[in-house]
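Q:
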Amino acid sequence: MSFFKKALASIGIGGAKVNAIFHQQTVTAGSDVSGVIQIKGGGVAQQIEKIGLMVMTQYETESDDRKVTVNALVQKVDINLRIDLQPGDEREIPFSFCLSPYTPVSIGHTPVWVQTELEVDMAIDPSDTDHLQVQPHPNMAAVMEAIDQLGFRLYKVKNEASRAGRGVPFIQNFEYKPTRHFQRSLDELEVAYLPESGGIDLLLEIDRKARGLSGLLLEAADMDETRIRLSLSQQEIAQGTAYLAERLKQVIEDFS
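Heads up: take any position in the sequence shown, counting from 1, add 9, and you land on the working numbering.
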């Protein structure tokens, strides 16, 4: 019977169970996330070598000329330990880590979840999945407020495959429609936010309205779009929304 139980546990039947409990389900990119991992022993003794916390999301890419959605690892945190778990044992392991500043924000259809896995010797690793609601990094939130002040209305957000992503194979792209100052000159503004502790980088795509025949020709050739990178320091962000709005306004006007 003991051999049979071990065989079942090795394929995940009757083995250890894991459950991650987060102190808060709503978290902020670039801030600390904490909780406890509950482990319950199964029908046989098992040795746990490590616990892995993997922050996951999805992004859109192209494969064979069609768009597909794939999973992506944003961040992995390993808790190295050694536990000899006896049948029925219950353990609680506290955890805390800084959530990557490049974790996508929970806007639109952007899922973010943490997959918790136990690394069990000679067995299928038990796992648990918990979804998180991710708020913008403070530097990102400051720029978003400035863009809103300029009258841009957010209408689409999606994760797209890109080499510009930092440590991840995608960027989260925010698409805005102008409603006031830039309504006559722009069709839309696309922004990817890359926050850092010392500021933020913005990847801007400025899509100009077609003006006359030459404008229509440029639009047909996709030459009516300008892509630029704008870096804002922490000192600039600290000057507030009005300053950031004026800074962005000047940059957009230069290319619109």
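By construction, the Cβ of each residue, glycine as well, lies at the ideal position given by its N, Cα and C atoms.
This structure is a prediction, so every number in the text was calculated from the model and none was measured.
Report yes if the CB atom of residue 88 is closer than 8 Å to the CB atom of residue 48, and no otherwise.
A: No. Outside cutoff.
Q: Exposed or buried, what is residue 79 when buried is set at 16 or more other beta-carbons lying within 10 Å of its beta-carbon?
A: With fewer than 16 other Cβ atoms within 10 Å, it is exposed.
Q: Would you give the residue range spanned by the alpha helix (DSSP H) that residue 141 belongs to?
A: Premise fails: residue 141 is in no alpha helix (DSSP H) and is neither H nor E.
Q: So what's residue 261 in DSSP terms, helix, strand or just coil?
A: Helix, per DSSP.
Q: Per DSSP, what kind of secondary structure is residue 111 in: helix, strand or coil?
A: The answer is coil: DSSP assigns residue 111 none of H, G, I, E or B.
Q: For residue 238 versus residue 263, is the C-beta spacing smaller than 8 Å?
A: Their beta carbons are not under 8 Å apart, which means residue 238 does not touch residue 263 by this criterion.
Q: Quick check: the Cα distance between residue 116 and residue 38, rounded to an integer number of angstroms?
A: So the two alpha carbons sit approximately 13 Å from each other.
Q: Would you mind stating whether residue 57 and residue 128 have Cβ atoms separated by less than 8 Å?
A: Contact: yes.
Q: Figure out for me which residue from 169, 33 and 62 has the closest Cα to the Cα of residue 178.
A: Nearest C-alpha to residue 178: 169.
Q: Sorted by chain position, which residues of the same chain lie with C-beta nearer than 6 Å to residue 181's C-beta, five sequence neighbours on each side aside?
A: Only 113 and 168 meet the Cβ criterion.
Q: Alpha carbon to alpha carbon, how far is residue 35 from residue 142? Give it in angstroms, no decimals.
A: Going by the C-alpha atoms only, they are around 5 Å apart.
Q: Going by beta-carbon coordinates alone, are residue 217 and residue 195 separated by less than 8 Å?
A: It is a contact, given that the beta carbons lie within the stated cut-off.
Q: When you compare only the Cα positions, how much space is there between residue 28 and residue 260?
A: The straight-line gap from Cα to Cα measures roughly 48 Å.
Q: If you reduce the DSSP assignment to three classes, tell me which class residue 254 lands in.
A: Helix at residue 254.
Q: When DSSP labels each residue in this structure, what does residue 181 get in the three-state scheme?
A: Note: residue 181 maps to strand in three-state DSSP.
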